[in-house]
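Yeah, the sequence shown ends on 444 if you go by our numbering, and it's all consecutive.
All C-beta atoms in this analysis are idealised placements derived from N, C-alpha and C, irrespective of residue type, glycine included.
Comments concern the structure below.
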Amino acid sequence: MSYLLSISSITDRYDAVAFYIADRQLHNFNHQNPISILMALFSAPPQSLCILRLSAIGDVCNAIAAVQAIRQQWPKTQLTWIAGKAEAALLTPLLPDVTVIAFDKKQGFKGMQAVWKALKGQRFDALLHMQSAIRASMLSVGIKAKYKLGFDKARASDLQQWFTNVKVPSPASPHVLDGFMAFTEALGLKPQVPTWTLPLSESDIAWAKGQLSTKPALVVAPAASKAFKNWTAEGYAGVIEHALDKGFNVILAGGPGKIEVELGQAIENRLTRPVTNLIGKTTLLQLLALEQEADLVLAPDSGPAHLANAVNTPVIGLYAHHNPARTGPYNWRHYVVSVYAEAIEAETGKSANEVSWRTRVKDDTAMQRITIDEVISRFDEVIQKEEIGS
Numbered sequence: 055m056s057y058l059l060s061i062s063s064i065t066d067r068y069d070a071v072a073f074y075i076a077d078r079q080l081h082n083f084n085h086q087n088p089i090s091i092l093m094a095l096f097s098a099p100p101q102s103l104c105i106l107r108l109s110a111i112g113d114v115c116n117a118i119a120a121v122q123a124i125r126q127q128w129p130k131t132q133l134t135w136i137a138g139k140a141e142a143a144l145l146t147p148l149l150p151d152v153t154v155i156a157f158d159k160k161q162g163f164k165g166m167q168a169v170w171k172a173l174k175g176q177r178f179d180a181l182l183h184m185q186s187a188i189r190a191s192m193l194s195v196g197i198k199a200k201y202k203l204g205f206d207k208a209r210a211s212d213l214q215q216w217f218t219n220v221k222v223p224s225p226a227s228p229h230v231l232d233g234f235m236a237f238t239e240a241l242g243l244k245p246q247v248p249t250w251t252l253p254l255s256e257s258d259i260a261w262a263k264g265q266l267s268t269k270p271a272l273v274v275a276p277a278a279s280k281a282f283k284n285w286t287a288e289g290y291a292g293v294i295e296h297a298l299d300k301g302f303n304v305i306l307a308g309g310p311g312k313i314e315v316e317l318g319q320a321i322e323n324r325l326t327r328p329v330t331n332l333i334g335k336t337t338l339l340q341l342l343a344l345e346q347e348a349d350l351v352l353a354p355d356s357g358p359a360h361l362a363n364a365v366n367t368p369v370i371g372l373y374a375h376h377n378p379a380r381t382g383p384y385n386w387r388h389y390v391v392s393v394y395a396e397a398i399e400a401e402t403g404k405s406a407n408e409v410s411w412r413t414r415v416k417d418d419t420a421m422q423r424i425t426i427d428e429v430i431s432r433f434d435e436v437i438q439k440e441e442i443g444s
């Protein structure tokens with residue numbers, strides 16, 4: 055039985071015709087000799103590259119650093135990025151020198167066809183397949199490229215290795231961003247420290263400044279898209295009360311989803327003093343501008359934590375389910391409050407060093423292990439070291 059048709063039972067949301075087409079193309083593709091990177095693919099800048107990273111917001115934000123590294127060292131290379139619909143809306147104004155193509159996952163195979171149509175007639179020197187997900191791999195089948203770079207055995211999952219002919223060696227660091235930067239070195243770029251240059255509009259910056267006061271600003275983005283990653287309303291309220299005592303202007307921020315809105319309301323209900331609640335009332339670009347203008351951000355393992363990192367605003371990340379060494383806000387990992395190690399040991403009987411760096415804590419109540427005192431202590435440490443409000 056052919057590879058893709060054998061997995062149709064786990065991906066029945068796609069039309070059967072999509073699997074037939076992809077199966078035939080993949081059959082031909084897999085007869086090419088795969089390449090293990092021992093030296094750079096390109097000794098001179100290639101003419102064109104395609105980046106495939108659809109989601110999520112935090113991962114896409116991290117991938118920006120890799121794409122901008124390519125742009126810095128190869129300014130004449132044509133770059134195309136295929137991203138999810140919401141992610142593309144964020145990327146388009148931030149990366150004016152990159153062609154961004156939106157993929158609407160709700161459209162299924164029709165959404166894939168729309169992307170392929172937009173790429174008709176194009177053949178890239180290389181595709182950077184930066185997402186180990188069957189949806190992204192299916193989409194990659196219709197993208198023409200001489201080289202299709204993907205993760206090596208240590209990082210690939212969800213059958214991604216079937217869809218690539220160049221395996222990028224994993225770096226020593228487990229962090230997602232370091233994995234992205236490894237793609238740039240495999241291409242032939244010189245190693246460099248990840249940086250971000252995000253040209254926010256004057257209107258978004260002006261709006262963000264309008265939400266601030268003369269007091270230092272703490273943005274609390276309390277919710278991730280998955281409820282199990284969220285800390286408690288009581289916990290957030292306790293830290294916010296402490297921040298108010300310290301003279302901070304506190305702003306709640308986040309998306310319009312039910313999880314975000316309800317958690318924001320629950321936090322407000324537990325406060326003795328009013329704060330500004332902007333949850334569900336901003337665009338992604340406004341949220342990014344708000345975090346850029348703020349002095350400090352408090353967030354769980356979520357997009358807003360990585361957005362704040364990208365604009366170099368200190369972040370206190372709250373972690374339990376994923377190892378922050380892998381998914382923490384890149385430049386501010388030293389400020390995370392993490393109970394991952396104790397939660398993984400309670401669940402597996404092994405230390406964090408004894409399990410794979412990608413092992414996830416399955417206990418949906420793990421975030422409740424984080425105490426208010428721990429977060430307040432980290433808050434006080436950060437404002438002292440970063441000289442916030444002094």
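| query | Helix, strand or coil: which one does DSSP assign to residue 138? | reply | Here residue 138 sits in strand by DSSP.
| Cβ contact (3+ pairs, closer than 8 Å) linking the region 350-363 and the region 403-412 | Short answer: they don't touch.
| task | Check each candidate in 236, 290, 187, 153 and name the one with the smallest Cα separation from residue 430. | result | Comparing Cα-Cα distances from residue 430 to each of 236, 290, 187, 153, the minimum goes to 290.
| Whose C-beta lies closer than 8 Å to the C-beta of residue 436 among residues of the same chain, with five residues either side of it excluded? | If we look at residue 436 and ignore the five residues flanking it on each side, its Cβ neighbours are 350, 368, 370, 389, 442.
| Using CA coordinates, which residue listed in 411, 105, 439 is at the minimum distance from residue 178? | Distances from the CA of residue 178 to each of 411, 105, 439 were compared; the closest alpha carbon is that of 105.
| query | Beta-carbon separation of residue 333 and residue 318 under 7 Å? | reply | Going by C-beta atoms, residue 333 is nearer than 7 Å to residue 318.
| Given a threshold of 16 other Cβ atoms within 10 Å of its Cβ, counted over all protein chains shown, does residue 427 qualify as buried or as exposed? | Flag for residue 427 reads exposed.
| task | Per DSSP, which residues does residue 14 bridge with? Please list them. | result | Residue 14 cannot be examined here, being either before or after the span of the chain that is shown, 55 to 444.
| field | Inter-residue Cα distance where the pair is residue 157 and residue 326 | value | For residue 157 and residue 326, the gap between their C-alpha atoms comes out near 44 Å.
| request: Reducing DSSP to helix, strand and coil, say where residue 354 ends up. | output: Look at residue 354 here: in three-state DSSP terms it is strand.
| task | To the nearest angstrom, report how far apart residue 85 and residue 201 are at their CA atoms. | result | Here the model assigns residue 85 a pLDDT of 42, short of 50, so the residue's position is not dependable, and the following value carries that caveat. A straight line joining the alpha-carbon of residue 85 with that of residue 201 spans about 14 Å.
| task | Name the one or two DSSP bridge partners that residue 373 has. | result | DSSP, once it has assigned bridges, lists 392 as partnering residue 373.
| Reference residue 184; option with closest CA among 354, 132, 115 | The residue with the shortest Cα to Cα distance from residue 184 is 115.
| Would the region 376-393 and the region 260-275 be scored as touching if the rule is three or more Cβ pairs under 8 Å? | Touching, no, given that fewer than three Cβ pairs across the two stretches are closer than 8 Å.
| request: Could you name each continuous beta strand (DSSP E) segment of 3 residues or more that falls completely within the region 233-280, going from the start of the chain to the end? | output: Entirely contained in the region 233-280, the beta strand (DSSP E) runs reaching 3 residues are, in chain order, 271-274.
| request: Starting from residue 153, follow its DSSP beta bridges and name the residues at the other end. | output: In the DSSP assignment, residue 153 forms a beta bridge with 134.
| query | DSSP beta-bridge partners for residue 182? | reply | Partner(s): 105, 203.
| said: Rounded to whole angstroms, what is the Cα-Cα separation between residue 455 and residue 211? | reply: The chain is shown only over 55 to 444; residue 455 falls outside these bounds and no answer can be derived.
| said: Can you look up residue 219 in the DSSP assignment and give me helix, strand or coil? | reply: Residue 219: coil per DSSP, three-state reduction.
| query | Considering residue 304, what are the terminal residues of the beta strand (DSSP E) in which it resides? | reply | Its beta strand (DSSP E) spans residues 303-306.
| message | Which residues does DSSP list as the beta-bridge partners of residue 331? | response | Looking at the DSSP assignment, residue 331 forms a beta bridge with 306.
| Exposure label - residue 284; buried when at least 16 CB within 10 Å | Answer is buried; the Cβ neighbour count reaches 16.
| query | What did DSSP end up calling residue 116 once you bin it into helix, strand or coil? | reply | If DSSP states are grouped into helix, strand and coil, residue 116 belongs with the helices.
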